[in-house]
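Numbering (our numbering), first residue to last: 23 to 744.
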Ligand code: HDE
């Protein structure tokens, strides 16, 4: 059997795959090196252009100036048509146990192997410079650099999609993007064209429920689930196929921001998620996810009661449990945002042997789109040669030339079969090696129609709604109201609430109430109830996994603001601060000015931020230490009072010690005689007399409250003027 000959230039270097991936990228300028032009010519002066006299005009012959400016003029490449705004990191994937029963994919066989990954998170609608915390779906794209080639799992943080067929994608995106006549709004779905389109496309209703839920305003990329969305196939060495859905489960739990908070962060720190990811990795708090699969043997998919090829449906975890098969750790920030995060090219068609597609018509369209878009975005067909996109295994074929070709292919032979080069054959043995497409039998007419099994547009939206906690339901209602209130044409608002009447009558009525339109009318809705095979369905009315209402496992990387002024009592909070730090939290001291404050004991306390440069929305919790002068100075300071009120409004943990309680007086709380107890007068507001209560007890209460993430059931939040 002729073996494929390997191109020596693409032989793997020694060391782990992660090292190989890194080697592909290293390029640093040594200190003391002279500046040169791109041709290697030493530059004599990088501050002055060539002129006819020191006050004369600049000369066209200054090729050094021209080269530098020309390069600058062409530094930008087209941003991604969707998912333009993103942040990424390197890491690795490690399997828990061999998956040979289901797949022959090499990276899913050996639990000892660490497969390098590069992961890019993104928003969908906004431009590359738009804010991170807008209401939007998040992209979750993972490139595995395996020994059998790159495998891309290009998913989202929501398990379903707006449309069922790829042919509607340009319409969806045109409706979502800023309106074409005036280019507004940026990175927002709250405008007429989006709601006009989706209200006419009832298949989008399920995804709209997710997009209006808090899933669309995540607290952190590190606290999002990821989903492959489509049904794929796993194929084992015998050729047996199973359908599979992919899931990423974050170790930190799934958590969101409050909507008001998300909007404020968009202005105060547009890079909030990018910074969060960068800082976590930089400080050694490597984010982790577990990879999960829902596996269904071919032939068993009919039992689901919906079409497994329909990307607007999900398989409830209570029907097919998610098996956790491995762990992904992100442990290295990119060296160059442009070279890596911007130039990485994902594609759902980058597969490895043992993983294959299904006939999901949305997925099928994606298989064309991604290569096509890279050609215009990355300037030609050779984008696979960019270091971030390069496979770490040997790569050889007879494709040649094209824009920006990097490899220097030797010899006269660029075709196969040949006798003039390195052999006649590059075929693999008997058809069993290499990538084998699943031999699905297809016998059907060519037809431009949708399967009737895709017609049920509402039952999964109802399943999602039923699975939400009361707070989550309130937030969904509020989000629909907000978005539809920004829609100027009443008929569009009406059509949307009419559609929602198919999901849940109460939901529709609640959304409609403040919108100045008629009550919802399901009969007038754009959608019809459609096909659902109730006879065979393993239907569930609710599924716990669809709710986010679960506490965080710990408080690692949670951010605590400690508000101080001159006279702060160090002793009341130092031990508590240490406990928080020991538990992995991040503590920052906020004061009216930078530098230091004088503590009541005469020591100096270093200040990290001022109220002006670091608002409450950057934190998960607030600690108000004691100290008569500090507390009364802060109580006089509008910014400090606003800080506390806002944290309260966003349902964050607020812990006040001794006189620190003064800062809560606007909210009606006072330090009463609680003795040695830690009081919790409303969810997540803790008050303690640190002279009597044990500090360890206060720390425990504070950390337990923080681990609940947010206290959504807190009273009187709407009445707080912040
Ligand atoms: Fe994408 N999508 N998409 N998409 N998508 C792109 O490819 C497209 C869809 C997703 O961080 C583009 O390189 C079509 C579903 C992510 O670089 C483009 C259809 C899901 C990313 C494209 C879909 C996704 C993209 C733009 C419907 C979740 C960012 C730039 C048929 C499973 C990847 C690019 C990154 C990016 C096309 C639908 C996820 C234009 C035609 C469903 C995470 O090719």
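Virtual Cβ for every residue (Gly too), placed ideally from N, Cα, C.
* Coarse secondary structure for residue 481, derived from DSSP in three states -> Indexing the chain shown from 1 puts residue 481 at position 459. Three-state result, residue 481: helix.
* How would you label residue 36, buried or exposed, when you count the other beta carbons within 10 angstroms and need 16 or more for buried? -> Position 14 of the chain shown, counting from 1, holds the residue named residue 36. Residue placement at residue 36 is poorly supported in this model, since its pLDDT is 44, which falls under 50; the coordinates still yield a value, given next. Counting Cβ neighbours within 10 Å, residue 36 comes out exposed, since fewer than 16 surround it.
* **Reduced DSSP category for residue 245 - H, G, I as helix; E, B as strand; rest coil** => Start at 1 with the first residue of the chain shown, and residue 245 comes out as number 223. In this structure, residue 245 counts as helix in the three-state DSSP scheme.
* Can you give the beta carbon distance from residue 401 to residue 99, rounded, assuming they're within the 8 Å contact cut? -> Position 379 of the chain shown, counting from 1, holds the residue named residue 401. Position 77 of the chain shown, counting from 1, holds the residue named residue 99. Confirmed, about 7 Å.
* To the nearest angstrom, report how far apart residue 723 and residue 175 are at their CA atoms. => Counting from one through the chain shown, the residue named residue 723 turns up at place 701. Counting from one through the chain shown, the residue named residue 175 turns up at place 153. Near 41 Å, if we compare the C-alpha coordinates of residue 175 and residue 723.
* Return the Cβ separation of residue 669 and residue 638 in integer angstroms, given the expectation that the two are a contact with Cβ distance under 8 Å. => Working through the chain shown from its first residue, we reach residue 669 at position 647. Working through the chain shown from its first residue, we reach residue 638 at position 616. Indeed, because the Cβ distance is near 4 Å, the residues count as touching under 8 Å.
* To do: Report the three-state DSSP secondary structure of residue 391 (helix, strand or coil).
  => Within the chain shown, the letter at position 369 stands for residue 391. Helix, per DSSP.
* To do: Ignore the nearest five residues each way along the sequence and tell me which others in residue 31's own chain have a CB closer than 8 Å to its CB.
  => The count along the chain shown starts at 1 and reaches residue 31 at position 9. Per-residue confidence for residue 31 stands at a pLDDT of 33, beneath the threshold of 50, marking its modelled position as unreliable; the derived number appears in the next sentence. Hits under 8 Å: 429 and 430.
* Asked: Can you give the Cα-Cα distance for residue 84 and residue 74, rounded to whole angstroms?
  -> Against the chain shown, residue 84 aligns to sequence position 62. Against the chain shown, residue 74 aligns to sequence position 52. Their Cα atoms are separated by approximately 11 Å.
* To do: Return yes when the Cβ of residue 744 is within less than 7 Å of the Cβ of residue 709, no when it is not.
  => As a first step, residue 709 must be located in the chain shown, where it is residue number 687. As a first step, residue 744 must be located in the chain shown, where it is residue number 722. Not closer than 7 Å, so no.
* To do: Quick one: residues in its chain with C-beta nearer than 8 Å to the C-beta of residue 33, no 5 flanking neighbours on either side, listed in chain order?
  => Translated into positions along the chain shown, residue 33 becomes position 11. For residue 33, the predicted structure reports a pLDDT of 36, less than 50, and the residue's modelled location is therefore unreliable. The matter cannot be settled from this model.
* For the alpha helix (DSSP H) that residue 718 lies in, which residues bound it at each end? -> Within the chain shown, the letter at position 696 stands for residue 718. 717-729 is the span of the alpha helix (DSSP H), which, as asked, contains residue 718.
* residue 137, DSSP secondary structure in three states -> Numbered from its first residue, the chain shown carries residue 137 at position 115. Looking at residue 137 - three-state DSSP - the assignment turns out to be strand.
* Asked: Taking just the CA atoms, how far does residue 682 sit from residue 590?
  -> Taking the chain shown and counting its residues from 1, the one referred to as residue 590 is at position 568. Taking the chain shown and counting its residues from 1, the one referred to as residue 682 is at position 660. For residue 590 and residue 682, the distance between alpha carbons rounds to 9 Å.
* Asked: Sorry if obvious, but does the Cβ on residue 221 come closer than 6 Å to a heavy atom of ligand 1?
  -> Looking up residue 221 in the chain shown gives position 199. Result no, Cβ not under 6 Å from ligand 1.
* Asked: So which of 497, 385 and 521 has the shortest CA-CA distance to residue 545?
  -> Position 523 of the chain shown, counted from the first residue, corresponds to residue 545. Measuring from the Cα of residue 545, the nearest candidate turns out to be 521.
* When DSSP labels each residue in this structure, what does residue 232 get in the three-state scheme? -> In the chain shown, counting from the first residue as 1, residue 232 sits at position 210. Reduced to three states, the DSSP call for residue 232 is helix.
* Asked: Hey, would you say the C-beta of residue 102 is under 6 Å away from at least one heavy atom of ligand 1?
  -> Taking the chain shown and counting its residues from 1, the one referred to as residue 102 is at position 80. Yes, ligand 1 has a heavy atom inside 6 Å of this Cβ.
* Asked: What residue range is occupied by the uninterrupted beta strand (DSSP E) comprising residue 160?
  -> Locating residue 160 in the chain shown gives position 138, where the first residue counts as 1. Residue 160 -> beta strand (DSSP E) spans 160-168.
* To do: Have a look at 355, 210 and 374 and flag the residue whose alpha-carbon is nearest the alpha-carbon of residue 460.
  => Locating residue 460 in the chain shown gives position 438, where the first residue counts as 1. When each option's Cα is compared against that of residue 460, the closest is 374.
* Asked: Does ligand 1 have even one heavy atom less than 6 Å from the beta-carbon of residue 243?
  -> The residue given as residue 243 occupies position 221 in the chain shown. It does not: the Cβ of residue 243 is nowhere closer than 6 Å to a heavy atom of ligand 1.
* CA-CA distance, residue 355 and residue 111? -> Taking the chain shown and counting its residues from 1, the one referred to as residue 355 is at position 333. Taking the chain shown and counting its residues from 1, the one referred to as residue 111 is at position 89. The alpha-carbon atoms of residue 355 and residue 111 are separated by roughly 5 Å.
* Asked: What are the partner residues of residue 80, as DSSP defines its beta bridges?
  -> As a working note, residue 80 is residue 58 in the chain shown. Its beta-bridge partners are 73.
* **Selection from 267, 300, 238 and 242 that minimises the alpha carbon distance to residue 252** => Taking the first residue of the chain shown as position 1, residue 252 is located at position 230. Checked all of 267, 300, 238 and 242; the closest Cα to residue 252 is 267.
* **C-alpha distance - residue 491 paired with residue 279, whole-angstrom precision** => Position 469 of the chain shown, counting from 1, holds the residue named residue 491. Position 257 of the chain shown, counting from 1, holds the residue named residue 279. The straight-line gap from Cα to Cα measures roughly 16 Å.
* Evaluate the contact criterion for the stretch 103-117 versus the stretch 355-367: three or more CB pairs, one atom per stretch, below 8 Å. => yes
* Asked: Mind checking residue 206: buried by the 16 CB within 10 Å criterion, or exposed?
  -> In the chain shown, residue 206 corresponds to position 184, counting from 1. Exposed: under 16 other Cβ atoms inside 10 Å.
* Asked: According to DSSP, which residues form a beta bridge with residue 278?
  -> The count along the chain shown starts at 1 and reaches residue 278 at position 256. In DSSP, residue 278 forms a bridge with 240.
* Asked: Cα separation between residue 727 and residue 573?
  -> Walking along the chain shown from the start, residue 727 turns up at place 705. Walking along the chain shown from the start, residue 573 turns up at place 551. Distance between the alpha carbons of residue 727 and residue 573 is about 10 Å.
* Identify whether residue 60 lies in helix, strand or coil by the three-state DSSP scheme. => Along the chain shown, read from residue 1 onward, the residue named residue 60 stands at position 38. Residue 60: coil per DSSP, three-state reduction.
* Selection from 328, 442, 484 and 480 that minimises the alpha carbon distance to residue 548 -> Numbered from its first residue, the chain shown carries residue 548 at position 526. Ranking the options by Cα distance to residue 548, first place goes to 480.
* Own chain residues within Cβ distance below 8 Å of residue 504, not counting five before or after -> Indexing the chain shown from 1 puts residue 504 at position 482. Taken in chain order, the residues that qualify are 212 and 281.
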